[in-house]
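Residue numbers (my numbering), protein chains in the order written: chain A, 1 to 208; chain B, 1 to 531.
Cβ coordinates follow ideal geometry from the N, Cα and C atoms, glycine included.
Every value quoted in this text rests on a predicted model; they were computed, and no experiment measured them.
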Amino acid sequence: MNKSGSGENRNRRTTLLLSGLVVGMFGFGFALVPLYDLFCEVTGTQSLSQRKINPADLQVVKQVESDRLVTVKFDATVNPNLPWDFQAATRSMRVHPGKTYEVNFVARNRSGDAATGQAIPSVAPWQATPYFSKLECFCFNKQTLDGNQQTDMPLRFMVSPDLPADIQSLTLSYSFMRLKASKNKTDLSKLLPQIARQSATENTLPNR
Amino acid sequence: MTTTTLNHDEAHHHDMPTGWRRWLFSTNHKDIGTLYLLFALAMLFIGGASAMLIRLELFQPGIQLLDPDLYNNLVTNHALIMIFGAVMPAAAGLANWMIPMMIGAPDMALPRMNNLSFWILPAAATMLILSFVVPFFPGGGTQINTGWTLYPPLSVQVGMSMDFLIFAIHLLGISSVLASINIIVTLLNMRAPGMTLMNMPMFCWTWLVTAFLLILVVPVLAGGVTMLLFDRHFGTSFFDAAGGGDPVLFQHLFWFFGHPEVYILLLPSIGVLSHVIPAFSRKPLFGYKSMVGAMLTVATIGMVVWAHHQYTIGMSLGAVTYFMIGTILISIPVGLMIFNFIATMWRGAMTFETPMLFAVAIVLMFTFGGLSGVMLAVVPADMQYHDSMFVVAHFHYVLMPGAVFGLFAGVFYWLPKWTGHMYDETLGKIFFWTNVIGFNITFFPQHFLGLAGMPRRIVDYNMMFTEFNVISSIGAIIFGLSHLLLLYIVIKTIRGGKKAESRAWEGAKGLEWELDSPPAFHTWTVAPQIK
């Protein structure tokens, strides 16, 4: 182009605009961290079951299906940031849908110091999640163990009779994570119980 | 007009450095284009060597040559070198060489930045290769066994080679962002008088869209791997559930980049096809405007369908349905491009020189890869195909014809222009047939392997998959060795051959063919008038 002066100005302007776009997109990447949580919370896109829980529904006694048996397996893991041993006392059991059962998990603090943890539940296959209801669970609250203390952690649960017939076996898995007055951006002592409560309500009986 | 002669004299007297200074300090778009292309060629062989090792290991079930971590490190290395080291620089090399010559500009708009964006690449490649080599030394930590997607938590746990890789990605990102800015500024501001955006050569259009895509998504990847670095060393918990983070967030950041990246690799080759097919069909490109529209549509939809790589992470039904429909929609504008190419060939006076052979192969085989892509886009089907060899077959059918064959077509098409010599047509055709046949023998059986249930990224496999893997590995040897012929043809053409005319191909149209072959060091110092 022959109009050299204005051409150079134009180039500079376009370059600056594009550089601004690059910086903006780099920032957008970081903005996605809170935006992603917000998006999931608003749209509920991460919650696989779209069912809303009606508290009254929890009181309804459903018929026990005495001729149907479903295998429930229990799995327990601990995040490396918590020096605990954590195991399911019962690894696997056969249950009738509609009947209430109680099992124990055993946690032991390997270290000499007291520590507080929070168990996060999940159900596999995920399609079974809304049909597995925890009536009483150690995961509803944070748990504190003194140094070298060992304790039983009870769980009362029921598998809903509405569980689809093609699901004959499901696994309930807990991961224990440490709660501490965190130096990180997120306050864990608030966040983890919230997650646990969320999955607890999600896991109650479906509203049919 | 008097200024013209002055410019020419200046150009020849003090602007043609010699020796290593010519290359290291180069601000000449042709020299930098050459550097890009040679760099890509070198990376093609490094990435190809790792692919050969992978196929050798998979020749038989059991663990023969490579231990599992090394195998996965090779898989990671192969992908990153091929994508960031070979395909993207080769496309940038074509852009550097051709864009100023096509739009009648004397050079790129920002020549010094052009120099920088190339010379970052060797440093980045060194880091990338170090990330592969470091674990072999004492204290080098574990190998990068994550695959190129670098998903945490595994990528947070592997050894220090991951840090090399993260910085390599930063450097590669900076390089391609600088190149993109340069290309956009050149295309917007440096076109010859009279050349509007809507009569710009199609290769320029494809690069304009590609460069915008790069600017939009590469910084997001850079942000993602920066967070990974922070999680590894500075105690943050972006991706650590125990600290309130979410490992799935990384997948979103990665694929927000990773899916448009597919179009970044594809579009420059579509641009090459838009020149090669008209030239050898001796007809103008069918549907220029619809081509531009289709490309913009692909780029726009392509930005918002990334999560189809993540159907199995547990999204709600609404979300997967959206991503499924969005993904399938893309096949409409892409199909339109393919139909435009077929319509261009329709009743043309076609001849089949090597670039045209590659072009026809792309139209056939890229369509095939597109079809398996639609299969993978369908959620219930993808639940089965996910992470199987079917996916490997699919993306090689998309990326080899879609990106690499397009680059081959471009190289053979413009090699006479660059070197001033015609390449050996017989050798070119032998290269085409060994390459394409080898490619199909390698990757076609992998569809069956995937459908039968063979997972990807695993060093060993069930005995029942042996036959197809043997066929695939034999194909890979043919395919891999065929590239030595490419190297030979390129060297031979650079060193001599039949003198190329300025319009090397009878049907070739465009400003670049009005220049000598090879063109002078500085061209279009006076902009041509476009009627």
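CA nearest to the CA of residue i, picked from the options
| i | options | result |
| --- | --- | --- |
| Gly-302 (chain B) | B:Phe-341, B:Tyr-288 and B:Trp-255 | B:Trp-255 |
| Phe-39 (chain B) | B:Thr-226, B:Gly-104, B:Pro-445 and B:Pro-122 | B:Pro-122 |
| Leu-35 (chain B) | B:Asn-73, B:Ile-81, B:Phe-118 and B:Ala-403 | B:Phe-118 |
| Gln-496 (chain B) | B:Pro-138, B:Leu-415 and B:Gly-453 | It should be noted that the sequence gives Gly, not Gln, for residue 496 (chain B). When only C-alpha atoms are compared, the closest one is B:Leu-415. |
| Gly-243 (chain B) | A:Ile-167, A:Ser-160 and A:Asn-79 | A:Asn-79 |
| Ser-502 (chain B) | B:Val-490, B:Pro-100, B:Asp-516 and B:Ala-508 | B:Asp-516 |
| Met-454 (chain B) | B:Thr-426, B:Val-391 and B:Leu-399 | B:Val-391 |
| Leu-80 (chain B) | B:Trp-148, B:Phe-286, B:Leu-317 and B:Ala-109 | B:Trp-148 |
| Phe-238 (chain B) | B:Lys-289, B:Val-218 and B:Ser-155 | B:Ser-155 |
| Gly-370 (chain B) | B:Lys-289, B:Gly-335, B:His-308 and B:Pro-528 | B:Gly-335 |
| Ser-316 (chain B) | A:Arg-94, A:Phe-86 and A:Trp-126 | A:Trp-126 |
| Met-200 (chain B) | B:Lys-509, B:Thr-523, B:His-522 and B:Phe-521 | B:Lys-509 |
| Met-324 (chain B) | B:Ala-294, B:Pro-380 and B:Gly-420 | B:Pro-380 |
Chain-order list of residues whose beta-carbon lies under 6 angstroms from that of residue i (same chain, five-residue window excluded)
| i | result |
| --- | --- |
| Lys-183 (chain A) | For Lys-183 (chain A), the predicted structure reports a pLDDT of 47, less than 50, and the residue's modelled location is therefore unreliable. A value from the coordinates is still provided. Result list for Lys-183 (chain A): empty, nothing under 6 angstroms. |
| Pro-111 (chain B) | Thr-27 |
| His-96 (chain A) | Val-64, Glu-65 and Ser-66 |
| Thr-236 (chain B) | Phe-230 |
| Ile-183 (chain B) | Ala-95, Trp-207 and Ala-211 |
| Leu-449 (chain B) | Met-389, Phe-465 and Phe-468 |
| Ile-530 (chain B) | Ala-192, Gly-194 and Met-195 |
Contact set for residue i: own chain, Cβ-Cβ below 7 angstroms, skip 5 residues either direction
| i | result |
| --- | --- |
| Val-220 (chain B) | Leu-253, Phe-256 and Phe-257 |
| Phe-157 (chain A) | Tyr-101, Phe-132, Ser-133, Lys-134 and Leu-135 |
| Lys-492 (chain B) | Asp-424 |
| Leu-172 (chain B) | Phe-84 and Ala-124 |
| Val-436 (chain B) | Ala-361 |
| Gly-62 (chain B) | Asp-460 |
| Phe-203 (chain B) | Met-98, Met-102, Gly-271, Val-272, Ser-274 and His-275 |
| Leu-376 (chain B) | Asp-382, Tyr-385, Val-391 and His-394 |
Min CB distance residue i to chain A below 7 angstroms
| i | result |
| --- | --- |
| Ile-63 (chain B) | no |
| Gly-223 (chain B) | yes |
| Ile-332 (chain B) | no |
| Thr-18 (chain B) | no |
| Gly-620 (chain B) | Nothing about residue 620 (chain B) can be reported from this structure: the residues present for chain B run from 1 to 531 only. |
| His-8 (chain B) | A caution first: His-8 (chain B) carries a pLDDT of 45, below 50, which makes its placement in the model too unreliable to give a value. |
| Asn-189 (chain B) | yes |
| Ala-109 (chain B) | yes |
| Leu-116 (chain B) | no |
| Ile-99 (chain B) | no |
| Pro-284 (chain B) | no |
| Leu-121 (chain B) | no |
| Asn-380 (chain B) | Note on residue identity: the sequence assigns Pro, not Asn, to residue 380 (chain B). It does not: the Cβ of Pro-380 (chain B) has no partner Cβ on chain A nearer than 7 angstroms. |
| Ile-181 (chain B) | yes |
| Leu-511 (chain B) | no |
Spatial distance of residue i from residue j (CA atoms)
| i | j | result |
| --- | --- | --- |
| Pro-68 (chain B) | Leu-511 (chain B) | 53 angstroms |
| Pro-519 (chain B) | Lys-417 (chain B) | 7 angstroms |
| Met-383 (chain B) | Val-374 (chain B) | 14 angstroms |
| Leu-18 (chain A) | His-170 (chain B) | 18 angstroms |
| Met-195 (chain B) | Thr-321 (chain B) | 43 angstroms |
| Thr-351 (chain B) | Met-365 (chain B) | 20 angstroms |
| Ala-176 (chain B) | Gln-60 (chain B) | Sequence inspection shows Ser at residue 176 (chain B); the Ala mentioned does not correspond to that position. One C-alpha to the other measures close to 39 angstroms. |
| Phe-372 (chain B) | Thr-146 (chain B) | Reading off the sequence shown, one finds Ser at residue 372 (chain B), where the question assumed Phe. In a straight line, the C-alpha of Ser-372 (chain B) is about 25 angstroms away from that of Thr-146 (chain B). |
| Pro-193 (chain B) | Phe-30 (chain A) | 42 angstroms |
| Tyr-36 (chain A) | Ala-500 (chain B) | 57 angstroms |
Below-7 angstroms beta-carbon distance, residue i vs any chain B residue
| i | result |
| --- | --- |
| Thr-15 (chain A) | yes |
| Leu-18 (chain A) | yes |
| Met-25 (chain A) | yes |
| Leu-172 (chain A) | no |
| Arg-110 (chain A) | no |
| Tyr-36 (chain A) | yes |
| Phe-176 (chain A) | no |
| Leu-94 (chain A) | Strictly speaking, residue 94 (chain A) in this sequence is Arg, with Leu absent from that position. Not one chain B Cβ lies under 7 angstroms of Arg-94 (chain A). |
| Arg-91 (chain A) | no |
| Val-22 (chain A) | yes |
Neighbourhood of residue i by C-beta, 8 angstroms cutoff - its chain only, sequence neighbours within 5 removed
| i | result |
| --- | --- |
| Phe-138 (chain A) | Phe-105, Ala-119, Met-153, Pro-154 and Leu-155 |
| Pro-55 (chain A) | Unreliable placement is indicated for Pro-55 (chain A), whose pLDDT of 48 sits below 50; no coordinate value is reported for it. |
| Val-123 (chain A) | Thr-129, Phe-132, Leu-170, Thr-171, Leu-172, Ser-173 and Asn-203 |
**Report entry** Start-end ranges of the alpha helix (DSSP H) lying completely within the stretch 393 to 456 of chain B, minimum 4 residues
**Finding:** 406 to 419 and 425 to 452
Query raised in the report: Unbroken alpha helix (DSSP H) runs of length 4 or more, entirely within the stretch 271 to 359 of chain B: which are they?
Result: 288 to 302 and 317 to 345
Query raised in the report: Whole alpha helix (DSSP H) runs in the stretch 74 to 130 of chain B with 4 or more residues, listed along the chain?
Result: 88 to 103
Query - beta strand (DSSP E) runs wholly inside the stretch 59 to 107 of chain A, at least 3 long, in chain order - result: 70 to 78, 84 to 88 and 92 to 95
Query raised in the report: Enumerated in chain order, which unbroken segments of the beta strand (DSSP E) with a length of 3 residues or greater are wholly contained in the stretch 44 to 76 of chain B?
Result: none
Report task. Starting from the N-terminal side, write out each stretch of the alpha helix (DSSP H) that is 4 residues or longer and does not extend beyond the stretch 452 to 482 of chain B. Result -> none
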